[in-house]
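There are 2 protein chains.
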Amino acid sequence: MTGYTRQKHVLIAVDCIIFGFDGNSMQQLLIRRSFEPAKGKWSLMGGFVQHDEDLPVAAARILKTLTGLEGVYLEQLGAFGRPDRDPKERTVSIAYFALIDINQYKLQLSNDYQAAWFDLQETPRLIFDHDEMVKQAKDRLRYKAAIHPILFELLPARFTIPQLQQLYEAVYETTFDKRNFSRKILSTGLLVKQKEKDKETSKKGAYYYKLDKRRYQEKFHSFLNFISDPGKLK
Amino acid sequence: MTGYTRQKHVLIAVDCIIFGFDGNSMQQLLIRRSFEPAKGKWSLMGGFVQHDEDLPVAAARILKTLTGLEGVYLEQLGAFGRPDRDPKERTVSIAYFALIDINQYKLQLSNDYQAAWFDLQETPRLIFDHDEMVKQAKDRLRYKAAIHPILFELLPARFTIPQLQQLYEAVYETTFDKRNFSRKILSTGLLVKQKEKDKETSKKGAYYYKLDKRRYQEKFHSFLNFISDPGKLK
DNA sequence: TCAAAAGTGTTAGTTCTACACCCATGC
DNA sequence: GCATGGGTGTAGAACTAACACTTTTGA
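Protein chains in written order, with full-length UniProt numbering: chain S, 1 to 234; chain Z, 1 to 234.
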């Protein structure tokens, strides 16, 4: 089998925007790039797509390499291909964004990548076009979370409504009325109230909830209107 | 400048899903592939990304080559990279979808591509993973058009409300109440009523409208809720 | 004069927003 | 007993969905 002649071949990379929520603010996981060019600079976690490897598989592999996690939410953001985006050699990068439960992330024993979490408000300048990828990923996250119950991916299996509200407020950089918020969230029928309370953050304690997994899968793609017009905010 | 060693290089292609609306139903423009493999089979219009060419530029070039049109709506759908998607050689394709005014499309003099419009309901089997791309593009179009005033791109500069409704009904494969429909559309403030009527399709004639371009640009990214839950339809 | 498509208004139900007080508990 | 955060209800406004009749005019 011979290839297409006269066509220039390029490298395909995958870069991952990894979001987490620490209970207060949105964070992203960045690494210090370990090879030239731009060695030592802050960067998204990425890697080249291997021979015979599909793109989502590459993204999952790269995510697992850094975080040790599997089976997390991963969505393709899009392809970035400016000819000069990587000064060394033309490389088209397919960006994916991941939503992980930050508590599940344990610093991998050999921290080859010098990974660190950064508050989304205070991220350092990143290499190449990674800043643009992050911006697009943030926009996409807001867009999607306004309509679909996607942010649960950032929380542990058990969570409280105040925690959830804190998360939405962090994502949209605004505040919501807690009465309206809990009504809206509960009206989706996605949550199951638990018997136990979280007594960590308040004296009274807040009830834990879990996702109703079946309804979650069923309703994942419905338009649920969590935020009426996210573009209007801020 | 030397490249990254030990990495396998691949080809990057762009494929375009080109949507049009003929007044009745949604159509897409397909070509007969002019080279091996799969020569003579129906296919999306595509091409390889050239050296020093950015991805959106490649998509616009490919679209122009086939349709002669420039400055049309073009949005990246995503990257498709299954290792065996092109049997000849590994090629990652970045799919774009375009919305064009079908009346603007004139068969190019040298119809090198043997292009033809197909009703979206009756498209032939396409090569490689192009069927999957088309399916995703249809889904994306429905998704996006439910929230953003994107479908105007498919109509000429002057159009009537019944035409517009026909378009929405074609996209969502359903029918809408015309009173509610026109109220919702007009309430966006995006349309400017013209003095003339279209007397082609009815005796009484329907008023032409044009887009208010400034408001269109302003509101393009707001959440306008044209269709309340498109997932529920069908 | 009739057939065909355009245009328009009202009502009931639902959803959204704004807003304030009581509850449980640890200190 | 008081400070802290959790939990809940209501009323007015806005929006949505369902529904029918009149207008225009070419044939």
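Positions of the beta carbon are idealized from the N, C-alpha and C atoms, including for glycine.
Bear in mind that the values here come from a model prediction, so they are computed numbers and not experimental data.
- Sequence-ordered contacts of the segment 68-83 of chain S with chain Z read Gln76, Leu77, Gly78, Ala79, Phe80, Gly81, Arg82, Pro83 [C-beta pairs closer than 9 Å].
- Looking from the CA of Tyr172/S, the closest CA among Ser202/S, Phe21/S, Gln217/S belongs to Phe21/S.
- Contact with chain S is absent for Asp112/Z, since none of that chain's Cβ atoms lies less than 8 Å from the residue's Cβ.
- Along the segment 37-67 of chain Z, the positions whose C-beta sits under 8 Å from a C-beta of chain S are Phe48, Val49, Gln50, His51, Asp52, Glu53, Asp54, Leu55, read in chain order.
- Boundaries for Thr2/Z: no alpha helix (DSSP H) harbours it, and the DSSP string shows neither H nor E there.
- For Ser187/Z, the enclosing alpha helix (DSSP H) starts and ends at 178-187.
- Taking Val192/Z as the centre and dropping the five residues before and after it, the same chain places the C-beta of Tyr209, Lys210, Asp212 closer than 7 Å to its C-beta, in chain order.
- Take Gln76/Z, set aside five residues on each side of it, and the residues of its chain with a beta-carbon closer than 8 Å to its own are Leu55, Pro56, Ala59, Ile94, Ala95, Tyr96, in chain order.
- Membership of Val57/Z in the alpha helix (DSSP H) is indicated by the continuous run 55-67.
- In this structure, Leu126/S lies near Trp42/S, with their beta-carbon atoms less than 8 Å apart.
- Unbroken beta strand (DSSP E) runs of no fewer than 3 residues, entirely contained in the UniProt domain "Nudix hydrolase" (3-142) of chain S, are found at 11-21, 26-32, 45-48, 73-80, 91-99, 116-119, following chain order.
- Distance from the Cα of Ala206/Z is smallest, within the candidate group Leu154/Z, Glu196/Z, Ala170/Z, for Glu196/Z.
- When secondary structure is reduced to three states using DSSP, Phe152/S falls in the helix class.
- The three-state secondary structure of Ala206/S, taken from DSSP, is strand.
- When the alpha-carbon of Arg158/Z is set against those of Gln194/Z, Arg85/Z, Gln114/Z, Thr201/Z, the nearest one is in Gln194/Z.
- In this structure, the CA atom of Phe35/S is about 28 Å from the CA atom of Ala13/Z.
- The beta carbon of Gly20/S sits no closer than 8 Å to any beta carbon of chain Z.
- In this structure, the straight-line span from the alpha carbon of Ser187/Z to that of Leu44/S is close to 43 Å.
- Your pair Leu120/Z and Ser25/Z checks out as a contact, with CB atoms roughly 7 Å apart and the cut at 8 Å.
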